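Some notes on the structure that comes next.
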Amino acid sequence: MSFKKWFNERVPIDPEFFKAFSSEPVPDHLRHWWWCLGGTPMYLFMVQIVTGILLAIYYIPSVDHAYDSVKNITENVNFGWYIRSMHKWSANFMIASVILHMIRVFITGSYRKPREVNWMVGTFLFVITLLIGFSGYSLIYEQLSYWGLTVAGNLLNAVPLIGSVLSSFIKDGDAISQFTLSRMYVFHAAILPVFLILLLVVHVALMHLLGITTFFFNEKTRRKTFPFIPDHLFTEIIIAIVLMILLTFMAIVFPAGLEEKANPLITPAHIKPEWYFYFTFRILKITSISAAVLIMGAAFFVLLLWPFIDAKLLKKKKTSEASTYIGIAAVFLLCALTLWECFALFLSH
Amino acid sequence: MPPRKKKDPFDIKPVKPEGSVKDRFIKVIKEFADAFKGEQEISLNSKKVIIAFLSVVFFISLLIVAWIEGGRKRVLQYPEAVVTGTNKECVNCHQNTTPGIVKQWKESKHSHSGIGCFDCHQAKDGDKDLIAHYNGLNISTIVSPKDCSVCHEKQFQEYTNSHHAQGGAILGSLDNELAEVVEGHVTFDANGVKTKNSAVAVSGCLQCHGSEVKVLEGGRLDPDTWPNTGIGRINPDGSKGSCSSCHLRHNFSIAQARQPEVCGKCHMGPDHPHLEIYMESKHGISFVANREKFSKEMENLKWIPGVDFESGPTCATCHMGATRDLEITHDVGSRISWNLRPPISEKIDAADKAKNIPTKSWQDRRKDMQVVCESCHSPGWIGNWYNQYDNLIDTYNEKFARPATELYNLMRSENLITSDTTFDDEIEFTYFYLWHHEGRRARHGASMMGPDYTQWHGMFEVADNFYQKFIPQLREVIARNRAMGGARAEGAERLNAKLQAVLNSPMHKWFIGKQSPQEKAARQKERQEFKKRYVQ
C-alpha cells in the first residue's frame, strides 16, 4: 500500500480541494503590497504569539515581581531585550496596520453588500487588538501602566448600567491589586488572543467565501488574476521579511525601555496611555468621564454598523460619496485628537 | 480555475497611469469636487490617491507622536532645570560669576522640581545673617537644616535628635585641648573671651565636628567659623548641623551621599579609620566591585538591600538606609549598640540612662541593625557575629582599657603628674594613644569586620603600647614620686599596689613571669610543633 493511499484512507480530504484552494484566483491589484495590508496585522499577530510565548517563560504576573521580571527580561535574559522590543514594536505596527487596512476598506467601500458581516467581524478584531495592546501594557507594572489602568477602571465605571460591575470585575474591587494584574494577564495571554484567532478565522473564511473585492483600475487589468499559491504567498513572504527587518531595526534602534516601578502611593505628574489611546484620552479631557464613555460607545456602534448606515445613505442618493467624505473626516479627526493629546503632554512638561 | 499566465510570480508590471502628475492631481481634485456636488462618483484611481494621502497623514501623525514621545523620555532621563520667579535673577548673574554652582544645581532634583537659589537662601527680617544682596533681595549665605526642614521636616527632626547634631559640642574635650593648646594657639582678652581661635581647630577639628558660626557686621560670617560644613555646626538660627556635610551642594545627589567616601571625609585616619576598615571588609570589597552597576539605582529614594541590590552595602545602607521593614533614618546612631568612642566602651544608651534621659535602648538599636543584616544574613550567622564582636570589646575593655584607665586616673588624682594640664607628660600621650588611636582601631575593626584593623593595627598595638610604654612609664612615675617622699611617695605606693594587682591578675601575670607551669609547657609544645611544621 502506497503511503498516499494509506494517508488518504485516514485523512479523507480530496487533494483537489487543496489544489483549488491553493490556486484560488487573486485579483491583480493585490500584486501591490499596499493593497495587502489585511495580511500584515495577521503576520504581526503571529510574531506577537511567538514573542509572547517566549516572554511568558520569564514573566511573573505578580504585583511584587512583574516589574522586576520585565526588568530581568530586558537586562539579563539572553536576547530578552530583543524579544520584548519585537513584541512591543509588532504590537504598535499591528495596530497601525489595522488602522491603515480599515482606511483602505472604508474608502474603497469594500464593506458594502455582501461583505457587511465581515466588516463587523473586522471591527471587533480592531477593538480586540486595542484591548490586547492595553492589557499588555498593564502587565509591565510601571508607573504609567499602573495609573493608566486606574484611569481605564474609572472609565469603565462610567459605562451606563453595567459600569460598576464591569469595573469591579476587571479590578476585583476598588483598587488595583494582584487580582487586577492576574485578570489582565489572563485577558492578554489567553482570552483576547483566543477571541482574536476565532474572529480571524471567520474573517479570512468570509473573505474566501465572498471573494476578494476586485478593483479594476483600467481596461488593461480588467479581470486579470493570479493564483494564491505561490504568487500571492510570495508577496506575503516578502512583506513578512521586510517587516521582520523593520521590527529588528526598531528593536535595535529604539529598544523597549522601562520607566519607574508602579507606586500606588505616588500619582505621576502626567498620566498618559499608549499612543493608540491618545484620542480617547483627549476626548476624556475635553468632555467628562460619562460623556467620553458615551462618545466612544456611540463611535464604536457607528463603526460597527456603518455598512448599514452607508446603505441607507446610498438609497437616498445613488451617486453619494458621503462615506468617502466621512472616512476622510474620521481619519483627520483621529489624527488631530492624537496630535492634540501628544502636544498637550509635550507642553505640560 | 484560470490558467497561470506568468511564469515569474514577481513580474509585477504596474499599469502606467495616463497623463502627468499635475494632470492626475487636478483630475483627483476635480473628481472629488464633482462628487461632493453629487455630479459623479470618485473613480477607483482617485480613491487610491485619497487612501495614499490619508495613510501618509496617519503615518506622519505617528511620526510626530513618536518624536514627541522620544523627547519626553529624553526629558525623563535628562531632566531640565526649571528656573522660577526670583531664581531667574540669581541664575542669570551666577552663571557668569560662579558657573560651577549653577551647573551643579542644574543637575539636582531641586532644579528639576523648580526649587531654586532664592527658595533656600532667602532671609527673613530679623535673621542674624541677613545680607542685603542685590536688587533688594535679602539672603543668608548659610542654608541651615532648619531652612531645609521647610520641605524635609522628618529628616530634620531625625537629624536634630542624632549624635551627629551634637558634633559641634567638642569644647573642653581632649581633642579640642590638643588643637587649641598642644598643636595650635588661642588668644584670649582680659575677660577670658577668645579673640582668635586656633588655626588647627578651625581647619582641622571643626571642619568635621562643626563650628559655632559667628556673624559679623552686615551679615558677614567670621572667617574663624566659616566656611564650615561640619556635621554639628551651630548655625546662626540656632539649628545644629549642616545637610551639605553629606549631601554636597549644590546638586544634593542621593547617590553621592550614599558613597562611603562621603562618611570617609571624617571617619578615617588613625583614630577612627572607618573608611579604611570598610574597604578592608567584604562589604567594602563587594561595593567597589559593583559600584558601577549600582551607580544609577543609588539615586533612588529607597535603595533596599536584598531587593534593589544584593551585595556591597555602604555605610548609609546599614546605618541609615531603608530595608524591607525599616524606614530611612537620619539618626545615624539609631542602629548602633556600642559606644566605642570613650576609653572604656559602653553600651550606647549608658550615658543617657545615667542622666535619666529617655532614649532608645541599645537592645532596640541592635535589633534594628539586625533587621538590616537579615537582608543578606541568617539569624544564626548574625547572632554568632555579634557574639564575636561583643567578646572583642569585652576583651579590650577588661584587659587593657579598664586597668589602664583606673591606673591613669589614680596617678592623676594622687598628683603624681601635673594634674591640671593634660599632655605635658609623656604617659598622657601614651594613654591617649592606647584608647584614642589603637584602642578605637581595634574596636572599630571588630565592629565593621576589618580583621587587620582588629589585630595588627588594633589589639597588637594596644598591647605593645600597654606593656612596652604605659607600664614602664608608670613604673618611672612611681619611682620618681617615691624618691620625692611625703604625700607623693604615699601616692606612688598606692599606685604601685594597684599596678601590682593588675599585673598579678590572670590576664597579665604572664608579663611578670607568673604563667602557670602547665600553660607554659603547653605553649612551648605548641611552639615546637609550629617550628617543626615550618622547619624553622
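Residue numbers (this note's numbering), protein chains in the order written: chain R, 1 to 349; chain V, 350 to 885. All C-beta atoms in this analysis are idealised placements derived from N, C-alpha and C, irrespective of residue type, glycine included. A quick note: this is a predicted structure, and the numbers were derived from the prediction, not measured.
Item: Is the beta carbon of Lys589(V) sitting closer than 8 Å to the one on Gly517(V)?; Value: yes
Item: Should Ser493(V) be flagged as near chain R, meaning a C-beta pair shorter than 8 Å?; Value: no
Item: Residues of the segment 390-403 of chain V with a CB closer than 7 Å to any CB of chain A: list them in chain order, please.; Value: Of the protein chains in this structure, namely R and V, none is chain A.
Item: Buried or exposed for Glu75(R), please, with buried defined as at least 16 other CB atoms from any protein chain shown within 10 angstroms of its CB.; Value: exposed
Item: If you compare alpha carbons, which of Leu555(V), Lys543(V), Arg790(V) is closest to Ala528(V)?; Value: Leu555(V)
Item: Could you say which of Arg837(V), Tyr745(V), Asn845(V), Lys847(V) lies nearest to Met808(V) if we only look at CA atoms?; Value: Tyr745(V)
Item: Relative to the ligand HEM, is the shortest distance from any of its heavy atoms to the C-beta of Thr74(R) smaller than 7 Å?; Value: Absent from the structure shown: the ligand HEM. Ligands present: none.
Item: Residues of the segment 333-344 of chain R with a CB closer than 8 Å to any CB of chain V: list them in chain order, please.; Value: Leu334, Cys335, Thr338, Leu339, Cys342, Phe343
Item: Do Arg843(V) and Glu755(V) have their C-beta atoms closer together than 8 Å?; Value: no
Item: Looking at the strands, I want to know which residues DSSP matches up with Glu787(V).; Value: Answer by DSSP bridge pairing: none, since Glu787(V) is not bridged.
Item: Where does Glu142(R) land, buried or exposed, given buried means 16+ other C-beta within 10 angstroms?; Value: buried
Item: Return helix, strand or coil for Tyr883(V), following the three-state DSSP convention.; Value: coil
Item: Does any residue of chain R have a CB that is nearer than 8 Å to the CB of Ala550(V)?; Value: no
Item: Hey, Tyr82(R) and Ser69(R): beta-carbon distance below 8 Å or not?; Value: no
Item: Tell me Tyr483(V)'s beta-bridge partners as DSSP assigns them.; Value: Leu486(V)
Item: According to DSSP, simplified to helix, strand and coil, what is Leu570(V)?; Value: strand
Item: Name the one or two DSSP bridge partners that Lys261(R) has.; Value: Glu142(R)
Item: I want to verify the contact list: residues of chain V whose CB lies under 7 Å from the CB of Ala96(R), in sequence order.; Value: Leu411
Item: Using a beta-carbon distance below 8 Å, is Val431(V) in contact with chain R?; Value: no
Item: Quick one: what does DSSP say Pro752(V) is sitting in, helix, strand or coil?; Value: helix
Item: Please list the partners that Glu321(R) has in chain V, where partner means a Cβ-to-Cβ separation under 8 Å.; Value: Ala384, Phe385, Glu390, Ile391
Item: With three or more beta-carbon pairs closer than 8 Å as the criterion, would you say the segment 241-251 of chain R touches the segment 86-99 of chain R?; Value: yes
Item: So what's Phe195(R) in DSSP terms, helix, strand or just coil?; Value: helix
Item: By the criterion of Cβ-Cβ separation under 8 Å, what are the contact partners of Phe537(V) in chain R?; Value: Those do not exist, as Phe537(V) stays about 56 Å from chain R at its closest Cβ, beyond 8 Å.
Item: Using a beta-carbon distance below 8 Å, is Phe374(V) in contact with chain R?; Value: no
Item: So Trp711(V) packs on Ile693(V), CB below 8 Å; how close in whole Å?; Value: In fact, because the Cβ distance is near 15 Å, the residues do not count as touching under 8 Å.
Item: Leaving out the 5 sequence neighbours to the left and right, which residues in its chain are closer than 8 Å to Glu610(V) when beta-carbon positions are compared?; Value: Leu624
Item: Any chance the segment 709-726 of chain V sits against the segment 786-795 of chain V, with 3 or more Cβ pairs inside 8 Å?; Value: no
Item: If you measure from the beta carbon of Val851(V) to each beta carbon in chain R, is any gap under 8 Å?; Value: no
Item: Measuring only the C-alpha atoms, how far is Lys285(R) from Phe279(R)?; Value: 10 Å
Item: In chain order, what residues of the same chain have a beta carbon less than 6 Å from the beta carbon of Gly136(R), not counting five sequence neighbours either side?; Value: His188
Item: Out of Asn740(V), Arg831(V), Lys880(V), His513(V), which one is the CA nearest neighbour of Cys592(V)?; Value: His513(V)
Item: Any Cβ of chain V within less than 8 Å of the Cβ of Arg358(R)?; Value: A query on residue 358(R) cannot be resolved here, the shown segment of chain R reaching from 1 to 349 and no further.
Item: For Gln849(V), count neighbouring C-beta atoms within 10 Å of its own C-beta (all shown protein chains included) and say buried if the count is 16 or more, exposed if not.; Value: exposed
Item: Against chain V, which members of the segment 114-126 of chain R pass a CB distance test of less than 9 Å?; Value: none
Item: With distances taken between CB atoms, is the gap from Val720(V) to Leu650(V) smaller than 8 Å?; Value: no
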